[in-house]
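Protein chains: 2
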Amino acid sequence: MPSKVRIALDAMGGDAGAAVVIPGAAISLQRHREIEFLLIGDRAKIEPELDRHPALKAASKIIHTDVAVSGEEKPSQALRRGRRTSSMWLAIDAVKKGEADVAVSAGNTGALMAMSRFHLRTLPGIDRPAIAGMWPTRRGDSVVLDLGASIGGDTHHLVSLAIMGAAMASVLFNKKRPTVGLLNIGVEEIKGHEEIREAGEILRARNLPELDYLGFVEGDGIGKGVADVIVTEGYSGNIALKAAEGTARQMAELLRDEMKRGWLSKLGYLFARNAFQALRNKMDPNKSNGGVLLGLNGIVVKSHGGIAAEGFAYAIDVGYEMVKFDLLNKINQMLNREGGALSSVQAAQEAVS
Amino acid sequence: MPSKVRIALDAMGGDAGAAVVIPGAAISLQRHREIEFLLIGDRAKIEPELDRHPALKAASKIIHTDVAVSGEEKPSQALRRGRRTSSMWLAIDAVKKGEADVAVSAGNTGALMAMSRFHLRTLPGIDRPAIAGMWPTRRGDSVVLDLGASIGGDTHHLVSLAIMGAAMASVLFNKKRPTVGLLNIGVEEIKGHEEIREAGEILRARNLPELDYLGFVEGDGIGKGVADVIVTEGYSGNIALKAAEGTARQMAELLRDEMKRGWLSKLGYLFARNAFQALRNKMDPNKSNGGVLLGLNGIVVKSHGGIAAEGFAYAIDVGYEMVKFDLLNKINQMLNREGGALSSVQAAQEAVS
Chain F
34 MPSKVRIALD
44 AMGGDAGAAV
54 VIPGAAISLQ
64 RHREIEFLLI
74 GDRAKIEPEL
84 DRHPALKAAS
94 KIIHTDVAVS
104 GEEKPSQALR
114 RGRRTSSMWL
124 AIDAVKKGEA
134 DVAVSAGNTG
144 ALMAMSRFHL
154 RTLPGIDRPA
164 IAGMWPTRRG
174 DSVVLDLGAS
184 IGGDTHHLVS
194 LAIMGAAMAS
204 VLFNKKRPTV
214 GLLNIGVEEI
224 KGHEEIREAG
234 EILRARNLPE
244 LDYLGFVEGD
254 GIGKGVADVI
264 VTEGYSGNIA
274 LKAAEGTARQ
284 MAELLRDEMK
294 RGWLSKLGYL
304 FARNAFQALR
314 NKMDPNKSNG
324 GVLLGLNGIV
334 VKSHGGIAAE
344 GFAYAIDVGY
354 EMVKFDLLNK
364 INQMLNREGG
374 ALSSVQAAQE
384 AVS
Chain Y
34 MPSKVRIALD
44 AMGGDAGAAV
54 VIPGAAISLQ
64 RHREIEFLLI
74 GDRAKIEPEL
84 DRHPALKAAS
94 KIIHTDVAVS
104 GEEKPSQALR
114 RGRRTSSMWL
124 AIDAVKKGEA
134 DVAVSAGNTG
144 ALMAMSRFHL
154 RTLPGIDRPA
164 IAGMWPTRRG
174 DSVVLDLGAS
184 IGGDTHHLVS
194 LAIMGAAMAS
204 VLFNKKRPTV
214 GLLNIGVEEI
224 KGHEEIREAG
234 EILRARNLPE
244 LDYLGFVEGD
254 GIGKGVADVI
264 VTEGYSGNIA
274 LKAAEGTARQ
284 MAELLRDEMK
294 RGWLSKLGYL
304 FARNAFQALR
314 NKMDPNKSNG
324 GVLLGLNGIV
334 VKSHGGIAAE
344 GFAYAIDVGY
354 EMVKFDLLNK
364 INQMLNREGG
374 ALSSVQAAQE
384 AVS
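If you read the sequences in order, they're chains F and Y. Its first residue numbered 34, the first sequence is counted upward by one per residue in the numbering used here. Its first residue numbered 34, the second sequence is counted upward by one per residue in the numbering used here.
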C-alpha cells in the first residue's frame, strides 16, 4: 500500500464551488486511491454532494467554515476579510500546519497568491511566487511560467523563474538538465526588454549544472516544444496562454462547423472520429488545468475558476504528482545546490544599479 | 479604368528577397490590375525574376541600389549604413516624395520602423508608430495593435493606439463606431498594469464618438472576436500573435498526423477534404500577413520575413487596400475631429505626474 497523500481542497473556490470540487475530487480519487481529502467550506453545501460519492466520503474529512473568498475581492480585501476564517485560507493553513501535503483551490487567483505568500512565505532567495503550468506541445509537454501570478518582474525574478521551472521540469520529465528558453519578441540577443536581455546574459554566463539555457524563444516556439521550460513574466505569460487556448478552441469550433456543412463531410467525420478524438485529447484544456504556485514553503495548486469537474480533477492530479515527486524538496535542493546562485544574481544587480 | 495605386517594394527585404517579392507582386497584380510597382533593389537580382512575369514587368519600374538592410542589423546601425542608399530607405523615400502611395517591405522590423519614423515622421499627437494586423476570429477579422513595433507604452500611447486602431477598423469594416477592447490579464477593472487601467478609465470617461470602448479583453477574447479592435503594447501583442499562430500550426499538424494513422481516418479525410480546406483557408497565416505601420505621415506595410510569394502578395494587398480606403486621411481626420483628444490625454497625464 503506497503512503497517503493528503490534499486540502478549497471546496468553495471557483464559479461553481462544491458542485465542481466534490465530483472533481471523486474523479481524481478513482485514479489515485491513496489520496486523503480535507474538504474545507460550508458543510451544508459539501455534504449533499459528498453523499453521491461514497468512496470519496470515506476518504474525506470536512472542515466547516461559513467564510468564502469571492472572485471580485481584491487580494488585500480577501486577506483582511478571509484571513484565518475563509475556506481558501484554511486550505493553505492545513499545508502550513503539516496537516495536508498540498492545497488546491479554483478561487480568486490574486487572493490565493496573497494568502499563500503571507502564510507560507517564500523560499530563501525568491522574492515572489510564480504560477507554473503545463503546455501541450508537438514534442510532449513543456513547463511555462509565470502564467500570471504577478506582473512585471526584474532580472533576478526571471532568473529565479528559470531555476524553479527547471526544478519542476527535472522532476516531471525525469531529466537531469532540462532545456530553458526565455520568451521574447525575437531570437536575436538585442531584442526585448532590458531585464529579459540581462537575464539571458546571466543564464548564459553562469551555465548552471541544473539547466541548459537555450536563449530566447518566440511565442510560436512554445507550441513547437523548443524547450522543456519557457520563462516569462506573468503578464505576457498569461496573455500567451489565453491567446493559445482561445486559438485552439476557435479551430476546434471552426472544424466542427465545417464538418456539419455537407453529407460528405459528415460521413468523413464519422470515419475519422478516432482522429478527432485523439486531437481533442491532446489539446484538451482540461488536461492542462492546474497551475503550481512555485517559490513558497509549501505546495499550492490553482485551478481555473470556470472549469467542470473533469478539469478540476486534473488540478488535483497535479497537486498529487507534485507531492509524489517531492517537488518542494527538489526545488529547495536545487536552490541550495546552486550555492546561492540567486543571491549572487541579486548582489550583481545591486552592484550595477 | 480605376485610378492607379503606386506601390514601392523593398525587393531585397525578407529571407528570400527578390525571389519572393517579385512573384508575390505578380500574384497581387493579378488581383489588382491598377497597381504600378516601383521595384527597389539590386537590378541583377530583380530582372531575372521579372522576366518570368511579363505582365508585372510592364507595370513596374526598377530603382537600382546595391545596399540592402540585413536582418541582423540593429535599427541604429541600419539607419546609419542604409540611410539614403538602402532598398528599404528608398521605398520609404518614394512615399515621402509622393512617388508611391505605400511602401511594402519584408525586411528587418526594427530598421523599417526606425527609418519610417525618421523619414516620414509621426502624425501630430502620436509619439511613436505601431504595427496593426488583422486577426482571424470566430466573427470575422479584428484589428490588433501593437504587434511589436515598440515595446512598453504609457497610457497616452495606449489611448492613441485605440484611436488609430478604430480608424483602421472603421475603414476596413465600414463601421461608424467600431468596438475597442484593451488586452489585459482579467476583465476586472483592478487587474493589470497601471497604464492599462488608466487608459481604460480615460477611454470610458471620454466616450469618444469614433469608438465604442468595451473594457478589458483577455487573451482568449481576441479569437472570439469580442471587439473589432484589440489594443495592447507591442511586447505582449507580439507574444499573443505568435502564440496563437503557433497553436494554429500545431493543431493543423496534429490533425494531419492523426488523419494518416489508419485507413478509416484516411478515408474520412478524403470525404471531408472540403471542410479541411475551408479550415485551412480561414486560419491561413499567409492571409493575415501584412502589418500596417500606423501613426506615420505615410503608409508602410511590414510583411513577415520568412513568408512565401503567396503570403507576400497578401501584404501587398493590404497596402493596396489602405490606399484605396484612404486610411491615412481617415486617421488624420479622426485625430483632428477628436479635437486634440490625444494632446488633452497627454496634458492630463502631465498634470497628474
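Heads up, the beta-carbon is just placed ideally off N, CA and C, and yes, glycines get one too. All of these numbers come straight from a predicted model, not from anything done at the bench.
Report buried or exposed for residue i, applying the criterion of at least 16 other Cβ atoms within 10 angstroms of its Cβ.
i        : result
Ala133/Y : buried
Ser36/F  : exposed
Asn314/F : exposed
Val385/Y : Residue confidence is low: Val385/Y scores 43 on pLDDT, short of 50, so the model does not pin down where it sits. No coordinate-derived value is stated.
Phe151/F : exposed
Met34/Y  : Confidence at Met34/Y is low in this model, with a pLDDT of 40, below 50, so its placement is unreliable and the value that follows should be read with caution. Exposed.
Gly185/Y : exposed
Val59/F  : For the record, residue 59/F in the displayed sequence is Ala; it is not Val. Result: buried.
Gly281/F : The sequence given here places Ala at residue 281/F; Gly does not occur at that position. Buried, because 16 or more other Cβ atoms sit within 10 Å of the Cβ of Ala281/F.
Asn207/Y : exposed
Pro211/F : buried
Asp126/Y : buried
Lys209/F : exposed
Check this for me: beta carbons of residue i and residue j, under 8 angstroms apart or not?
i        : j        : result
Ile349/Y : Val137/Y : yes
Ile263/Y : Val128/Y : no
Val54/Y  : Ala44/Y  : yes
Gly181/Y : Thr142/Y : yes
Thr188/Y : Glu231/Y : yes
Val177/F : Ile255/F : yes
Leu287/F : Phe304/Y : no
Leu297/F : Ala163/F : no
Ala111/F : Ala144/F : yes
Ala273/F : Ile218/Y : no
Lys363/F : Ala200/F : yes
Leu191/Y : Glu228/Y : yes
Val213/Y : Gly198/Y : yes
Ile95/Y  : Arg76/Y  : yes
Leu153/Y : Leu329/Y : yes
Ala51/Y  : Gly74/Y  : yes
Arg39/F  : Leu62/F  : no
Gly344/F : Asn322/F : yes
Tyr302/Y : Met316/Y : no
Ala202/Y : Asp245/Y : no
Applying a beta-carbon distance threshold of less than 9 angstroms, which residues of chain F neighbour residue i?
i        : result
Ser336/Y : Per Cβ cutoff of 9 angstroms: no residues; Ser336/Y is ~16 angstroms from chain F at best.
Thr155/Y : Simply none; closest approach about 21 angstroms.
Gly331/Y : Going along chain F, no residue has its Cβ under 9 angstroms from Gly331/Y, so there is no contact; the nearest lies around 24 angstroms.
Gly421/Y : No statement about residue 421/Y is possible, as the shown extent of chain Y runs from 34 to 386 and does not include it.
Find the residues of chain F that neighbour residue i, judging by a C-beta separation of less than 8 angstroms, and give them in chain order.
i        : result
Met292/Y : Ala305, Ala308
Gly301/Y : Leu300, Gly301, Tyr302, Leu303, Phe304, Ala305, Arg306, Ala308
Leu361/Y : Per Cβ cutoff of 8 angstroms: no residues; Leu361/Y is ~26 angstroms from chain F at best.
Under 8 angstroms between beta-carbons, which chain Y residues line up against residue i? List them in chain order, please.
i        : result
Ser298/F : Phe304, Ala305, Asn307, Ala308
Leu326/F : Correct list: empty, because the minimum Cβ distance to chain Y is about 16 angstroms.
Output, in chain order, the set of chain F residues within a Cβ distance shorter than 7 angstroms of residue i.
i        : result
Tyr353/Y : Chain F residues near Tyr353/Y: none, gap ~27 angstroms exceeds 7 angstroms.
Leu194/Y : Per Cβ cutoff of 7 angstroms: no residues; Leu194/Y is ~15 angstroms from chain F at best.
Gly437/Y : Outside the shown range of chain Y (34 to 386) lies residue 437/Y, about which nothing can therefore be said.
For residue i, is the beta carbon positioned less than 7 angstroms from some heavy atom of the ligand COA?
i        : result
Leu361/F : The model depicted lacks the ligand COA and carries no ligand whatsoever.
Please list, in chain order, the chain Y residues whose beta carbon lies closer than 9 angstroms to that of residue i.
i        : result
Tyr347/F : Neighbours of Tyr347/F on chain Y: none; closest Cβ ~18 angstroms, over 9 angstroms.
I want to verify the contact list: residues of chain Y whose CB lies under 7 angstroms from the CB of residue i, in sequence order.
i       : result
Leu62/F : Simply none; closest approach about 30 angstroms.
Interface residues of the stretch 235 to 261 of chain F facing chain Y [CB-CB below 8 angstroms]: Glu251, Gly252, Asp253, Gly254, Ile255, Gly256, Lys257
Contained alpha helix (DSSP H) runs [length at least 4] in the stretch 123 to 210 of chain F, N- to C-terminal order: 142 to 153, 188 to 205
Please list the segments of the beta strand (DSSP E) lying wholly inside the stretch 86 to 111 of chain Y, counting only runs of 3 or more residues, in order along the chain. 93 to 97
Listed from N- to C-terminal order along the chain, which residues in the stretch 99 to 115 of chain F have their beta-carbon within a distance smaller than 8 angstroms of any beta-carbon of chain Y? Glu105, Lys107
If the cut-off is 8 angstroms on Cβ atoms, which residues from the stretch 304 to 322 of chain Y count as contacting chain F, listed in chain order? Phe304, Ala305, Arg306, Asn307, Ala308, Phe309, Ala311, Leu312, Lys315, Met316
Sequence ranges, beta strand (DSSP E) only - wholly within the stretch 302 to 383 of chain Y, length at least 3: 324 to 327, 332 to 335
Relative to chain Y, which residues along the stretch 270 to 286 of chain F have a C-beta separation below 9 angstroms, given in chain order? Gly270, Asn271, Ile272, Ala273, Leu274, Lys275, Ala276, Ala277, Glu278, Gly279, Thr280, Ala281, Arg282, Gln283, Met284, Ala285, Glu286
Please identify, using Cβ separations under 9 angstroms, the residues of the stretch 159 to 191 of chain Y that lie next to chain F, in order along the chain. Pro169, Thr170, Arg171, Gly181, Ile184, Gly185
Interface positions of the stretch 205 to 226 of chain Y facing chain F (Cβ-Cβ less than 9 angstroms), listed along the chain: Leu216, Asn217, Ile218, Gly219, Glu221, Ile223, Lys224, Gly225, His226
Curious, which full-length alpha helix (DSSP H) runs of at least 4 residues does the stretch 224 to 261 of chain F contain? 227 to 239, 252 to 257
Note down, in chain order, all residues in the stretch 136 to 155 of chain Y with a beta-carbon under 9 angstroms from any beta-carbon belonging to chain F. Thr142, Gly143
For the stretch 67 to 83 of chain F, which residues have a beta carbon sitting closer than 9 angstroms to at least one beta carbon of chain Y? none
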